[in-house]
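Input: a single structure, listed below in C-alpha coordinates.
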Amino acid sequence: MRKENNRIINIVLGIAVVITVLFLLCFKITIVSGQSMMPTLNDGSIVLVSKISPEYFKNEIIVFDNMNDTMIKRIVAVEGDIIEIKNNSLYRNGIKLNIACDNRTSVNIKLKQNEYFVIGDNYGCSYDSRDYGCITKEMILGKVI
3 MRKENNRIIN
13 IVLGIAVVIT
23 VLFLLCFKIT
33 IVSGQSMMPT
43 LNDGSIVLVS
53 KISPEYFKNE
63 IIVFDNMNDT
73 MIKRIVAVEG
83 DIIEIKNNSL
93 YRNGIKLNIA
103 CDNRTSVNIK
113 LKQNEYFVIG
123 DNYGCSYDSR
133 DYGCITKEMI
143 LGKVI
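In this note's numbering, the protein residues as written are 3 to 147.
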(Lines of atoms letter the chains of each structure in order from A and count residues from 1; the text may use other names and numbers.)
(Lines give C-alpha, C1' and ligand atoms only; values in the text may rest on other atoms or scores of the structure.)
Protein backbone atom coordinates (compact mmCIF):
# COMPACT_ATOMS: atom_id res chain seq x y z
CA MET A 1 0.00 0.00 0.00
CA ARG A 2 2.81 2.38 0.88
CA LYS A 3 4.59 1.73 -2.47
CA GLU A 4 1.33 2.45 -4.28
CA ASN A 5 0.95 5.78 -2.43
CA ASN A 6 4.56 6.74 -3.24
CA ARG A 7 3.96 5.87 -6.89
CA ILE A 8 0.85 8.05 -7.02
CA ILE A 9 2.67 10.94 -5.32
CA ASN A 10 5.55 10.66 -7.81
CA ILE A 11 3.14 10.67 -10.76
CA VAL A 12 1.30 13.72 -9.40
CA LEU A 13 4.59 15.55 -8.78
CA GLY A 14 5.82 14.66 -12.27
CA ILE A 15 2.63 15.98 -13.85
CA ALA A 16 2.89 19.17 -11.76
CA VAL A 17 6.48 19.73 -12.94
CA VAL A 18 5.51 19.19 -16.60
CA ILE A 19 2.55 21.59 -16.30
CA THR A 20 4.74 24.21 -14.59
CA VAL A 21 7.44 23.98 -17.28
CA LEU A 22 4.84 24.22 -20.07
CA PHE A 23 3.25 27.22 -18.37
CA LEU A 24 6.60 29.00 -18.04
CA LEU A 25 7.43 28.30 -21.70
CA CYS A 26 4.06 29.50 -23.01
CA PHE A 27 3.05 32.29 -20.64
CA LYS A 28 4.48 35.21 -18.72
CA ILE A 29 2.95 37.19 -15.88
CA THR A 30 3.52 40.94 -16.15
CA ILE A 31 2.66 43.81 -13.83
CA VAL A 32 1.40 46.97 -15.53
CA SER A 33 3.55 49.96 -14.68
CA GLY A 34 2.16 53.41 -15.40
CA GLN A 35 -1.08 54.93 -16.60
CA SER A 36 -0.69 54.76 -20.37
CA MET A 37 -3.15 51.85 -20.76
CA MET A 38 -5.87 53.24 -18.47
CA PRO A 39 -8.78 52.68 -18.24
CA THR A 40 -8.25 49.23 -19.81
CA LEU A 41 -5.31 48.28 -17.59
CA ASN A 42 -4.55 50.14 -14.38
CA ASP A 43 -1.15 50.76 -12.82
CA GLY A 44 -0.28 47.67 -10.78
CA SER A 45 -2.64 45.34 -12.64
CA ILE A 46 -1.36 41.82 -13.21
CA VAL A 47 -1.78 40.46 -16.74
CA LEU A 48 -1.16 37.06 -18.31
CA VAL A 49 0.83 37.20 -21.53
CA SER A 50 0.84 34.47 -24.17
CA LYS A 51 4.36 34.04 -25.57
CA ILE A 52 3.33 31.66 -28.36
CA SER A 53 1.21 33.81 -30.67
CA PRO A 54 2.45 33.48 -34.26
CA GLU A 55 0.59 36.61 -35.42
CA TYR A 56 -0.54 39.88 -33.95
CA PHE A 57 -3.60 41.82 -35.08
CA LYS A 58 -5.08 45.30 -34.82
CA ASN A 59 -6.61 46.11 -31.44
CA GLU A 60 -4.66 43.42 -29.58
CA ILE A 61 -2.74 44.48 -26.48
CA ILE A 62 0.87 43.38 -26.60
CA VAL A 63 3.93 43.41 -24.36
CA PHE A 64 7.22 44.32 -26.01
CA ASP A 65 10.77 45.32 -25.26
CA ASN A 66 11.70 48.88 -26.21
CA MET A 67 15.35 49.57 -25.43
CA ASN A 68 15.32 47.27 -22.36
CA ASP A 69 12.05 48.77 -21.12
CA THR A 70 9.05 46.42 -21.09
CA MET A 71 5.99 48.21 -22.46
CA ILE A 72 2.31 47.37 -22.88
CA LYS A 73 0.40 49.00 -25.74
CA ARG A 74 -2.43 48.38 -28.20
CA ILE A 75 -1.74 47.64 -31.87
CA VAL A 76 -3.50 50.19 -34.09
CA ALA A 77 -1.81 49.33 -37.40
CA VAL A 78 -0.02 46.36 -38.94
CA GLU A 79 2.16 45.78 -42.00
CA GLY A 80 0.75 47.34 -45.15
CA ASP A 81 -1.35 49.91 -43.27
CA ILE A 82 -0.79 53.60 -43.85
CA ILE A 83 -0.74 55.73 -40.71
CA GLU A 84 -1.14 59.47 -40.85
CA ILE A 85 -1.31 61.93 -37.98
CA LYS A 86 -2.63 65.36 -38.90
CA ASN A 87 -4.83 68.01 -37.30
CA ASN A 88 -4.66 66.24 -33.91
CA SER A 89 -6.18 63.06 -35.41
CA LEU A 90 -4.89 59.63 -36.35
CA TYR A 91 -5.84 58.05 -39.67
CA ARG A 92 -5.36 54.42 -40.69
CA ASN A 93 -5.65 53.81 -44.42
CA GLY A 94 -7.41 57.16 -44.82
CA ILE A 95 -10.04 56.47 -42.15
CA LYS A 96 -10.05 58.69 -39.07
CA LEU A 97 -9.77 56.64 -35.89
CA ASN A 98 -11.28 57.65 -32.58
CA ILE A 99 -7.82 58.36 -31.19
CA ALA A 100 -6.92 61.88 -30.17
CA CYS A 101 -3.39 62.98 -30.99
CA ASP A 102 -1.59 66.12 -30.03
CA ASN A 103 0.80 68.18 -32.10
CA ARG A 104 3.92 66.46 -30.77
CA THR A 105 4.48 64.79 -34.12
CA SER A 106 3.17 64.46 -37.63
CA VAL A 107 3.39 61.07 -39.26
CA ASN A 108 2.70 59.69 -42.72
CA ILE A 109 4.11 56.19 -43.11
CA LYS A 110 3.32 52.84 -44.66
CA LEU A 111 4.18 50.03 -42.29
CA LYS A 112 6.67 47.50 -43.61
CA GLN A 113 6.60 43.75 -43.13
CA ASN A 114 6.56 42.76 -39.44
CA GLU A 115 6.06 46.37 -38.27
CA TYR A 116 3.39 47.54 -35.84
CA PHE A 117 2.16 50.98 -34.80
CA VAL A 118 1.19 50.91 -31.12
CA ILE A 119 -0.54 53.42 -28.86
CA GLY A 120 -1.54 53.41 -25.20
CA ASP A 121 -5.27 53.59 -24.46
CA ASN A 122 -4.70 56.70 -22.34
CA TYR A 123 -3.70 58.74 -25.40
CA GLY A 124 -2.78 61.91 -23.56
CA CYS A 125 -0.10 60.41 -21.34
CA SER A 126 1.27 57.54 -23.40
CA TYR A 127 4.81 57.23 -24.70
CA ASP A 128 4.24 55.15 -27.82
CA SER A 129 4.74 54.87 -31.60
CA ARG A 130 3.87 58.53 -31.97
CA ASP A 131 7.14 59.19 -30.14
CA TYR A 132 9.50 56.33 -31.07
CA GLY A 133 7.99 55.07 -34.32
CA CYS A 134 6.96 51.57 -35.30
CA ILE A 135 8.01 48.49 -33.40
CA THR A 136 9.03 45.22 -35.04
CA LYS A 137 7.77 41.71 -34.47
CA GLU A 138 11.14 40.76 -32.97
CA MET A 139 10.52 43.24 -30.14
CA ILE A 140 7.21 41.62 -29.12
CA LEU A 141 7.30 39.39 -26.05
CA GLY A 142 3.66 38.30 -26.34
CA LYS A 143 0.04 39.37 -26.25
CA VAL A 144 -2.12 40.02 -23.22
CA ILE A 145 -4.85 37.41 -22.80
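For every residue, glycine included, the Cβ atom is placed at its ideal position computed from N, Cα and C. In this text the structure is predicted, and so the values were computed from the model without any measurement.
Item                                                                                                                                                                                    : Value
Report all residues from its chain with a CB closer than 7 Å to the CB of Ile-48; omit the five preceding and five following residues, and keep chain order.                            : Ile-31 and Ile-33
I'd like to know whether the C-beta atoms of Met-39 and Asn-124 end up nearer to each other than 8 Å.                                                                                   : yes
Have a look at Lys-145, Ala-18 and Ile-87 and flag the residue whose alpha-carbon is nearest the alpha-carbon of Arg-132.                                                               : Ile-87
Check whether the Cβ atoms of Gly-135 and Lys-53 lie closer than 8 Å to each other.                                                                                                     : no
Identify whether Ile-10 lies in helix, strand or coil by the three-state DSSP scheme.                                                                                                   : helix
When the Cα atoms are used, what is the spatial distance from Ser-108 to Asn-68?                                                                                                        : 21 Å
DSSP three-state label for Ile-17, please.                                                                                                                                              : helix
Take Asn-116 and list the residues in its own chain whose beta-carbon comes closer than 8 Å to its own, dropping the five residues that flank it on each side.                          : Glu-81, Thr-138, Lys-139 and Glu-140
Give every residue of the same chain whose Cβ lies closer than 7 Å to the Cβ of Lys-98, excluding the five residues on either side of it in the sequence, and list them in chain order. : Ser-91
Determine the extent of the beta strand (DSSP E) in which Ser-52 is found, giving its start and end residues.                                                                           : 48-52
Check Glu-62 in the structure and name its three-state DSSP category.                                                                                                                   : coil
Can you give me the Cβ contacts of Ser-128 inside the same chain, cut-off strictly under 7 Å, excluding the 5 residues immediately before and after it?                                 : Ser-38, Ile-121 and Gly-122
In the structure shown, what three-state DSSP assignment does Leu-24 receive?                                                                                                           : helix
Count the other C-beta atoms from every protein chain shown that fall within 10 angstroms of the C-beta of Arg-9, then say buried if there are 16 or more, exposed otherwise.           : exposed
Short check: CB of Val-23 to CB of Ile-74, under 8 Å?                                                                                                                                   : no
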